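Visitor: In this note's numbering, the protein residues as written are 39 to 318. For each residue, glycine too, the CB sits at the ideal point set by N, CA and C. Only a predicted model underlies this, so the values are computations on that prediction, with no experimental measurement involved.
What follows is the structure, given as structure tokens:
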């Protein structure tokens with residue numbers, strides 16, 4: 039079976055299930071994010087171990103899960119408190135180690151996993167459960183983020199294939215080009231605009247999403263810049279660990295972190311723009 043066939047089959051199974059869970063919200067959505075956090079933390083720490091480092095895997099994973107649960111309150115201050123407590127627990131737990139030569143690195147990579155996977159992914163819960171409104175804006179926010187990311191990736195891929203010449207970051211990801219990044223901005227912005235219009239015209243009752251169109255145009259480049267940084271960040275870490283994929287969970291796609299690299303940075307970018315600019 040070809041890699042493309044595996045990708046198509048995986049997408050045909052996974053995408054409808056994800057859309058249903060995005061729509062359903064509530065406990066099923068929270069469980070989904072917590073499961074993804076566990077899987078993501080496992081892949082991240084395996085990547086760290088491939089580099090010869092020793093993270094506190096159990097403690098880091100529990101801390102990341104705690105951040106996800108705290109996000110259900112919708113309170114950033116509670117999440118900041120939770121992150122502070124997790125950091126202190128990880129530092130205290132390191133006192134039990136008898137190997138003082140890896141103390142700094144062990145604590146650092148453990149906390150990096152908590153922030154990189156747990157903190158960033160927790161923003162999916164913040165997006166899905168905004169304050170009460172006339173329509174289910176949380177469903178709109180999640181679909182907006184996923185559609186924007188997907189269209190940004192597609193725009194970058196096809197534009198890069200057709201016109202790409204100038205390398206964007208040759209030492210980190212040789213296949214990415216400046217022209218592809220521009221195509222990603224156009225594709226991501228188009229995806230955000232299309233999502234808003236579909237929800238306004240076909241899904242929501244008036245007053246719709248209440249998101250001015252100008253914000254879609256402004257959010258597009260900001261959002262796509264975050265997805266590019268997220269993609270390059272994971273590529274950089276995989277190169278450092280000398281691995282091709284973060285895992286093999288999804289046939290044809292690699293590990294879950296290989297699919298989440300762009301989304302990890304897109305989630306907080308979308309949340310902070312929507313929460314503090316559009317819907318403040």
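Assuming residue 229 and residue 263 form a contact by the criterion Cβ under 8 Å, report the distance between their Cβ atoms to the nearest whole angstrom.
Guide: Actually they are not in contact, since the Cβ atoms of residue 229 and residue 263 sit about 15 Å apart, beyond 8 Å.
Visitor: Do the stretch 88-102 and the stretch 274-286 touch if we need at least three Cβ pairs shorter than 8 Å?
Guide: yes
Visitor: Have a look at residue 164 and residue 312 and give me their C-alpha separation to the nearest angstrom.
Guide: 11 Å
Visitor: According to DSSP, what are the bridge partners of residue 98?
Guide: In DSSP, residue 98 forms no bridge with anything.
Visitor: Which residues share a DSSP beta bridge with residue 215?
Guide: 205
Visitor: Just the C-alpha distance for residue 198 and residue 221, rounded to the nearest angstrom, thanks.
Guide: 7 Å
Visitor: Identify whether residue 292 lies in helix, strand or coil by the three-state DSSP scheme.
Guide: DSSP places residue 292 in strand when its eight states are reduced to three.
Visitor: Contact between the stretch 201-209 and the stretch 176-186: three or more CB pairs below 8 Å?
Guide: no
Visitor: Could you check what DSSP says for residue 286 in three-state terms: helix, strand or coil?
Guide: coil
Visitor: Write down every uninterrupted run of the alpha helix (DSSP H) in the stretch 43-118 whose length is 4 residues or greater and which is fully enclosed by it, in chain order.
Guide: Runs of the alpha helix (DSSP H) spanning 4 or more residues and lying entirely within the stretch 43-118 occur at 64-88, 95-109, in chain order.
Visitor: So, residue 298 versus residue 233, is the Cβ gap smaller than 7 Å?
Guide: no
Visitor: At the level of alpha carbons, what is the spacing between residue 51 and residue 58?
Guide: 12 Å
Visitor: By alpha-carbon positions, which one of 149, 97, 121 ends up nearest to residue 134?
Guide: 97
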